[in-house]
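For the record, in the sequence shown the residue sitting at position 28 is 28 according to the working numbering, with numbers rising by one throughout. Glycine included, each C-beta is placed from N, C-alpha and C at the ideal position. The structure under discussion appears below in the form of structure tokens.
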Amino acid sequence: MVRIKLIENIQNKSKRSLEDKKIPEKLTNLEIPDISLQSSNGEYVQLRRKESFKIVIYCYPMTGRPDKSLPKNWNKIPGAKGCTIENSTIRDNYEELIKLNSLPIGITTQSISEIEEMTKRLKINHDILSDCNLILAKCLNLPLFNVDNKDYIKRITLVVDNSIIKKVFYPILEPEKHIQEIISWLKKEN
Numbered sequence: 001m002v003r004i005k006l007i008e009n010i011q012n013k014s015k016r017s018l019e020d021k022k023i024p025e026k027l028t029n030l031e032i033p034d035i036s037l038q039s040s041n042g043e044y045v046q047l048r049r050k051e052s053f054k055i056v057i058y059c060y061p062m063t064g065r066p067d068k069s070l071p072k073n074w075n076k077i078p079g080a081k082g083c084t085i086e087n088s089t090i091r092d093n094y095e096e097l098i099k100l101n102s103l104p105i106g107i108t109t110q111s112i113s114e115i116e117e118m119t120k121r122l123k124i125n126h127d128i129l130s131d132c133n134l135i136l137a138k139c140l141n142l143p144l145f146n147v148d149n150k151d152y153i154k155r156i157t158l159v160v161d162n163s164i165i166k167k168v169f170y171p172i173l174e175p176e177k178h179i180q181e182i183i184s185w186l187k188k189e190n
């Protein structure tokens, strides 16, 4: 019985791995859904836009808080660790992104109050939106993982041009270096 369960687990992981590899292919050239999500300042931000600049939508699981413990075994979950550094490197490269005609927008499943705390503490200079009800995640079938009965979006970046997803970065294995991947791609496209 244990051996059967082990084989089933291995088969399920293998199947998920194959499905994960198809995510960029499935999302590229899709139109971004016509939805608005609430930002840390309380305003709603429209994701579908017909503007001359690109939108870099980077989704991440959650940023930790100094006054709260992370979920158990959080740092052992592939891709969970690194959200604070990813937000900080995007903040630090904001001007470069603007020069490349691109606007960064972060999206997480955290609540507005959690996002507000993080944006103030880290001095984030761009919108961070809450998808706590998984509206965008469900519309695009974004990859999720569950910890303690809460769903989190896996780390993924969508570069949107004229409401169409033109580039998908997934999986993102080194969040601290991811901004350089984004900038390199944008430079090639400009």
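Using the rule of at least 16 other Cβ atoms within 10 Å of the residue's Cβ for burial, across every protein chain shown, is Q46 buried or exposed? exposed
Just to confirm, are C139 and I107 a CB contact at a threshold of 7 Å? no
Beta strand (DSSP E) containing N146: first to last residue? 144–147
Quick one: grab the DSSP three-state call for Q110. coil
Could you check if N29 is buried or exposed, using at least 16 other CB atoms within 10 Å of its CB as the buried criterion? exposed
Relative to the alpha-carbon of I55, which residue among P61, A80, P104 has its alpha-carbon at the smallest distance? P104
Quick one: what does DSSP say T28 is sitting in, helix, strand or coil? coil
Three-state class that DSSP yields for L173 in the structure shown: coil
What are the start and end residues of the beta strand (DSSP E) that includes D151? 150–153
Quick one: any contact between the stretch 86–99 and the stretch 172–188, if contact means 3 or more CB pairs under 8 Å? yes
Three-way DSSP call (helix, strand, coil) for L37 in this model: strand
Would you call the stretch 109–116 and the stretch 127–137 touching, i.e. three or more CB-CB distances under 8 Å? yes
Report buried or exposed for D34, applying the criterion of at least 16 other Cβ atoms within 10 angstroms of its Cβ. exposed
Relative to the alpha-carbon of V159, which residue among D151, I182, F145 has its alpha-carbon at the smallest distance? I182
Reduced DSSP category for S69 - H, G, I as helix; E, B as strand; rest coil: coil
Integer-rounded CB distance, given that N101 should sit under 8 Å from N41: The Cβ separation is near 24 Å, so there is no contact.
By DSSP, does K15 sit in helix, in strand, or in coil? Residue placement at K15 is flagged as unreliable, the pLDDT there being 40, under the threshold of 50; the coordinate-derived value follows with that caveat. Here K15 sits in helix by DSSP.
Is DSSP giving C132 helix, strand or coil here? coil
Tell me the DSSP secondary structure of D127 in three-state form. coil
Pair within 7 Å by beta-carbon distance, N93 and I179: yes
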